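Trainee:
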Amino acid sequence: MKMLIAGAGPAGLYLAYLVKRQLPGWQVRVVEQNARDSTFGFGVVFSERALEFLRADDPQTYDAITPAMETWTDITVVLRGTPVVIDGIGFSAIGRLKFLQLLRKQLETAGVAVEYEKILKEAEDLNSYDLVVAADGANSTIRKTADFGTTITPLTNKFAWFGTSKPFGTLTQTFVQNEAGTFNAHHYRHSPSMSTFVFECDAATWARAGFERMDEAQTLAYGEKVFAEALQGHRLVSNKSIWRNFPQVRNARWSVGNKVLIGDAQRTAHFSIGSGTRLAMEDAIALAKALREARDDVPAALAAFEAARRPIVGKLVAAADASAGWYENFAEHMKLAPREFAWSYIQRSGRIDPEKLRRIAPKFVAGD
Ligand SMILES: Cc1cc2nc3c(=O)[nH]c(=O)nc-3n(C[C@H](O)[C@H](O)[C@H](O)COP(=O)(O)OP(=O)(O)OC[C@H]3O[C@@H](n4cnc5c(N)ncnc54)[C@H](O)[C@@H]3O)c2cc1C
Numbered sequence: 029m030k031m032l033i034a035g036a037g038p039a040g041l042y043l044a045y046l047v048k049r050q051l052p053g054w055q056v057r058v059v060e061q062n063a064r065d066s067t068f069g070f071g072v073v074f075s076e077r078a079l080e081f082l083r084a085d086d087p088q089t090y091d092a093i094t095p096a097m098e099t100w101t102d103i104t105v106v107l108r109g110t111p112v113v114i115d116g117i118g119f120s121a122i123g124r125l126k127f128l129q130l131l132r133k134q135l136e137t138a139g140v141a142v143e144y145e146k147i148l149k150e151a152e153d154l155n156s157y158d159l160v161v162a163a164d165g166a167n168s169t170i171r172k173t174a175d176f177g178t179t180i181t182p183l184t185n186k187f188a189w190f191g192t193s194k195p196f197g198t199l200t201q202t203f204v205q206n207e208a209g210t211f212n213a214h215h216y217r218h219s220p221s222m223s224t225f226v227f228e229c230d231a232a233t234w235a236r237a238g239f240e241r242m243d244e245a246q247t248l249a250y251g252e253k254v255f256a257e258a259l260q261g262h263r264l265v266s267n268k269s270i271w272r273n274f275p276q277v278r279n280a281r282w283s284v285g286n287k288v289l290i291g292d293a294q295r296t297a298h299f300s301i302g303s304g305t306r307l308a309m310e311d312a313i314a315l316a317k318a319l320r321e322a323r324d325d326v327p328a329a330l331a332a333f334e335a336a337r338r339p340i341v342g343k344l345v346a347a348a349d350a351s352a353g354w355y356e357n358f359a360e361h362m363k364l365a366p367r368e369f370a371w372s373y374i375q376r377s378g379r380i381d382p383e384k385l386r387r388i389a390p391k392f393v394a395g396d
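Sequence positions in the sequence shown follow my numbering and run 29 to 396.
Have a look at this one:
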């Protein structure tokens, strides 16, 4: 059996590894448009149980990645300079590049080398493969080659993904205001010496601030000024840090013929719930399992994959949409007092009700 995987992000790398390990007779080819060791963004955060979903079935990968992660248990919400700590909510984080390198190393142990700097085009002849996997992200090219019933809805907020040399102690959400409007930064440490720093604002603030006329360096300088109190003298660092509107990608069909969508190509989950990477890897686990169980019957495997996975993905996507909706209106929420604001923030995705919060964040609930 011959499989082509487009994209060497978390979904593509992990699927290739699992399939090669579980179905050694399969030929697995992975192509990636970027150069080796080049990627966008900085770190990614994993909420709650982090990589626990890997531990039982794939202790090798779990053991390879976990020691490279930064971990902490609190969230700090800072409203106009006033911090409120929400205790007891665990996270771990890792640099995106580091994470991809570790996944690639795992894949190499299974005998597969990624073909870098190879862009799959829409016109590519894909008929010689038994299975073509679109793991090529939110702007998937493979997805455009068949009718998956794709919708892409851009959120109205603008965001840009930076890093900084300041290693923050917890996952921090900073909300500030200046003459142009209101800004939010999501920031957390992803290595002992670096943090991720994603900042966003609404479209009207973006226009008033004049970002349209600024290049990346000017945007960075503006961000350093707006978030000076959080950065405490540290600089921001850019890496393809252009302004974007987060695209909410959905697909009515996950497979057409011999093509299947996984990861962000299949659906995106807003970055504020820290689940996109885990979802991408869980897709890989579910697809590898379906392929193994269907014994070379690809259509049966693809149907089983979608039937098993759609309800789980649906729940997470609903939580991500609710969280994204909260951020789309964060200027309005900023009218609350700091503690009420933190309550509103922590309940935004509908996954944490007051009862659960009382259990996991007793200090915050008690007002300590
Ligand atoms: C600002 C921001 C912050 C985020 N923070 C987090 C976070 O904290 N935690 C989290 O879990 N998730 C986070 N995410 C989401 C996370 O990055 C994605 O969900 C995850 O990377 C999806 O993995 P993937 O493998 O499906 O796609 P990607 O990681 O996008 O990988 C797709 C790969 O395909 C390649 N490719 C694309 N087109 C082609 C082509 N035509 N030919 C060959 N190769 C191609 C790309 O170069 C890329 O390497 C964040 C996203 C954003 C935008």
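In this text, a Cβ means the ideal position worked out from N, Cα and C, and glycines have one as well. All figures in this text were calculated on a predicted structure; none of them were measured in a lab.
1) Over what stretch of residues does the alpha helix (DSSP H) that includes Lys253 continue unbroken?
2) By the three-class DSSP mapping on this structure, what secondary structure does Gln61 have?
3) Could you give the distance in angstroms between the alpha-carbon of Leu41 and the alpha-carbon of Val58?
4) If we count the other Cβ atoms within 10 Å of its Cβ and call it buried at 16 or more, is Pro182 buried or exposed?
5) Quick one: residues in its chain with C-beta nearer than 6 angstroms to the C-beta of Val113, no 5 flanking neighbours on either side, listed in chain order?
6) Find out if the Cβ-Cβ distance for the pair Ser269, Trp189 is shorter than 8 angstroms.
7) Using a Cβ-Cβ cutoff of less than 7 angstroms, which residues in the same chain neighbour Ile301 once the five nearest sequence positions on both sides are dropped?
8) Does the Cβ-Cβ distance between Phe227 and Ala213 come in under 8 angstroms?
9) Tell me the DSSP bridge mates of Arg217?
10) Grouping DSSP H, G and I as helix and E and B as strand, with all else coil, what is Val284?
11) Tell me Met31's beta-bridge partners as DSSP assigns them.
12) Can you list, in chain order, the residues of its chain with a C-beta nearer than 6 angstroms to that of Leu32? Leave out the 5 residues immediately preceding and following it.
13) Just checking my contact of Ala359 with Thr202 at CB under 8 angstroms: how many whole Å lie between their CB atoms?
14) Using the rule of at least 16 other Cβ atoms within 10 Å of the residue's Cβ for burial, across every protein chain shown, is Pro87 buried or exposed?
15) Do Gly69 and Arg132 count as a contact pair if the criterion is CB distance below 8 angstroms?
16) In this structure, what does DSSP give as the bridge partners for Arg278?
17) Look up Leu364 in the DSSP assignment and say whether it is helix, strand or coil.
18) Applying the criterion that 16 or more other CB atoms from any shown protein chain within 10 Å of the CB defines a buried residue, is Arg337 buried or exposed?
19) Measure the C-alpha to C-alpha separation of Ile122 and Glu98 and round it to an integer number of angstroms.
20) Do you know offhand how far Tyr373's Cα is from Asn155's?
21) Can you tell me whether Arg306 is buried or exposed, with buried defined as 16 or more other CB within 10 angstroms of its CB?
22) Please report the straight-line C-alpha distance between Val73 and Glu368, rounded to a whole angstrom.
23) Looking at the strands, I want to know which residues DSSP matches up with Val105.
24) Would you check if the distance between the CB atom of Ala322 and the CB atom of Ala332 is smaller than 8 angstroms?
25) Quick one: give me the first and last residue of the beta strand (DSSP E) that Ser120 is part of.
26) To which residues does DSSP link Arg272 through a beta bridge?
27) Could you tell me whether the Cβ of Glu252 comes closer than 8 angstroms to any Cβ of chain B?
28) For Arg295 and Ala174, what's the separation of their Cα atoms in angstroms?
29) Taking 7 angstroms as the cut-off, is the CB of Trp189 close to at least one heavy atom of ligand 1?
30) Can you tell me the Cα-Cα spacing of Gly118 and Glu152, whole angstroms?
31) Should Ala138 and Gly291 be called a contact, given that it needs their Cβ atoms to be closer than 8 angstroms?
32) Based on DSSP bridge pairs, tell me the residues matched to Ser75.
33) With a threshold of 7 angstroms, establish whether the CB of Glu228 neighbours any heavy atom of ligand 3.
34) Label Lys343 either buried or exposed according to how many other C-beta atoms from any shown protein chain fall within 10 Å of its C-beta, with 16 as the threshold for buried.
35) With DSSP as the reference, label Thr233 as helix, strand or coil.
36) Helix, strand or coil for Val140 per DSSP?
Mentor: Taking the coordinates as given:
1) 244-254 is the span of the alpha helix (DSSP H), which, as asked, contains Lys253.
2) Reduced to three states, the DSSP call for Gln61 is coil.
3) As the crow flies, the alpha-carbon of Leu41 is around 8 angstroms from that of Val58.
4) Around the beta-carbon of Pro182, fewer than 16 other beta-carbon atoms lie within 10 Å, marking it exposed.
5) Closer than 6 angstroms at Cβ, skipping near neighbours: Asp102, Thr104.
6) Yes. Within cutoff.
7) Counting only Cβ-Cβ distances below 7 angstroms, and skipping sequence neighbours, we find Ser75, Ala347, Ala348, Ser351, Ser377.
8) Yes, the Cβ-Cβ distance between Phe227 and Ala213 is below 8 angstroms.
9) Note: Arg217 sits in a beta bridge opposite Ser223.
10) In this structure, Val284 counts as strand in the three-state DSSP scheme.
11) Beta-bridge pairing links Met31 to Val56, Leu159.
12) Hits under 6 angstroms: Arg57, Tyr157, Val160.
13) Ala359 to Thr202, Cβ: 14 angstroms. No contact.
14) Per the 10 Å Cβ criterion, exposed.
15) Cβ distance not < 8 angstroms, so Arg132 and Gly69 don't count as in contact.
16) Beta-bridge pairing links Arg278 to Thr179.
17) Coil, per DSSP.
18) Label assigned to Arg337: buried.
19) Cα to Cα, Ile122 sits roughly 6 angstroms from Glu98.
20) It is roughly 48 angstroms from the alpha-carbon of Tyr373 to the alpha-carbon of Asn155.
21) Buried, by the Cβ-count rule.
22) Going by the C-alpha atoms only, they are around 25 angstroms apart.
23) Per DSSP, Val112, Gln201.
24) Yes, the pair counts as a contact, with Cβ atoms nearer than the cut-off.
25) Counting along the chain, the beta strand (DSSP E) containing Ser120 begins and ends at 119-123.
26) When DSSP reads this structure, Arg272 sits in a beta bridge with Phe187.
27) Absent from the structure is chain B; it holds one protein chain and no more.
28) Straight-line spacing of the CA atoms in Arg295 and Ala174 works out to 16 angstroms.
29) Within the cutoff, so yes.
30) The alpha-carbon separation between Gly118 and Glu152 amounts to approximately 44 angstroms.
31) Result no, Cβ atoms of Ala138 and Gly291 do not sit closer than 8 angstroms.
32) Partner(s): Phe119.
33) Ligand 3 is not part of the structure shown, which contains ligand 1 as its ligands.
34) Classified as exposed, Lys343 has fewer than 16 neighbouring CB atoms from the shown chains inside 10 Å of its CB.
35) Correct three-state label for Thr233: helix.
36) Coil at Val140, not helix or strand.
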